[in-house]
Structure formats: C-alpha cells, structure tokens
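Numbered according to our numbering, the sequence shown spans residues 1239 to 1435. Just so it is clear, CB atoms sit at the ideal spot from N, CA and C, and this is done for glycine as well.
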Amino acid sequence: MKKTFLFALLSLIPLFSLAKITPEEIKLGLENPEGIVSYVGTLANKQSLAFTYAKQWVSKTFNNYKAVVQLEDNDNYKIVLKGNSLIYQNKTKVSYGNMETTGILYYTVTIDVKEGKFRVKFEDMSVGRKTHCSSSMIKTTDINNSFTFNEIDTKLADPSTHEEFKAILMEFPSRAKISISELINNLEEALNMNDDF
C-alpha cells in the first residue's frame, strides 16, 4: 500500500515541476540582435496528444484559429502562426482633450512538438504604437508607428528623443517580455494538461 501511494505521488512530480520562464529571462532589442526568443520545455503527454493540445491553445489564445495559423504540419507536429497581443494601454487627459495610447506586440510563433519535449520560437517581433487624440475643440487625430525592439533601444539612447516619448517607449520592452513569458508558460501548461475524461 505504501509503495503504491509513493509511486502515485512520484508520478505527479512532472506536473508540479514544469519550468516557468520569467520576463527577466527574455532578451529583446540590442541584447538579442537576432530577434529570436526560443524556449524548449519537457512534455508529460505523448506527442500526438500534446500537439492536439497545442492546437486547442492556439484556438483559445487567439480566438480565430484559421486567421492566425500560417502552417499546420500534422506529419511533423508543427504549427506556425502570426499573432499579436495588447501589451500597453494608457488613457490620459491633456490640455486639449483626451489621449489614448496603445501598444500591440506583433510576432510569428513556431511550435514544434517532439516526443518528450517541445519548442516555441518567437520571431519577427515588433511593436505597433497607436495614439488617438480626441477633443471637442480640434479634429480627432490618430498617430500610428511601428518599431522593432532594436529601433526602440536606438530611440531611447538618442538624446534628441522627447522625454515623454521615451517614457512610453520604455514600457514596451518590459511589457512585451511579460506577455511573451505568459504565452510560453500558458502553452507549456496546455501541452502538459492531464484531461482524463
């Protein structure tokens, strides 16, 4: 009886020991010139089941599977998708009205599922910044910019960049790191899900 209980307890250890990646471990901008964030994790589930869970994760995370998936290779257990995540939103009152700034992280993600392990890779990352200004006295305006993380680092180092703009830009890498680490950790949990029905 004791041996059975101990075996059952030990068999649960892989579920409790899933590695978690932290935002601090994600490198962006000039500290990652290739612009690729790659993570390899272990799998408790069989390859085919984990791949099914990967597809479910894509559907739940991005709402429209067909809109984001660029490649679904069922023979090689690979999914490539183009997605985005809201990483920044700030509404402020300014002297002439209201200003709303949002930041969207854009990326290409490749998920490879092998027996016993998986890899998720983020590439082609950039941040879209949209500023919407509205006022009853002046015409509503929208400003749209897009930056790679190398461009953000360059603008932050440039003394001619306005301080208010620098403050906004500084938020994007740290929030992107949080978003990427959350996506990786959520994917790892999904792939290792125990869904006995």
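Query: C-beta contact flag for Thr1346 and Asp1362 at 8 Å; Result: yes
Query: C-alpha gap between Ser1249 and Ile1342, whole angstroms; Result: With a pLDDT of 46 at Ser1249, under the threshold of 50, the modelled position of this residue cannot be trusted; read the value that follows with caution. C-alpha separation (whole angstroms): 41 Å.
Query: Cβ neighbour criterion (16 or more within 10 Å) applied to Ile1381; Result: exposed
Query: Range of the contiguous alpha helix (DSSP H) that encloses Ile1406; Result: 1401-1429
Query: Residue nearest to Ala1292 in terms of C-alpha spacing, selected from Asp1433, Ala1282, Glu1426, Asp1434; Result: Glu1426
Query: Beta-carbon contacts of Asn1270 that lie in its chain and below 8 Å, excluding the five residues immediately before and after; Result: Phe1387
Query: Close Cβ partners of Ser1323 (< 6 Å) along its chain, the five nearest in sequence each way excluded; Result: Leu1343, Ser1417
Query: Whole-Å CB distance - Gln1285 paired with Glu1353, under 8 Å assumed; Result: 5 Å
Query: Min CB distance Glu1272 to chain B below 8 Å; Result: Checking the listed chains, one finds no chain B in this structure; it contains a single protein chain.
Query: Rounded distance between the beta-carbons of Phe1385 and Arg1367, thought under 8 Å; Result: 7 Å
Query: For Ser1372, the three-state DSSP class (helix, strand or coil); Result: strand
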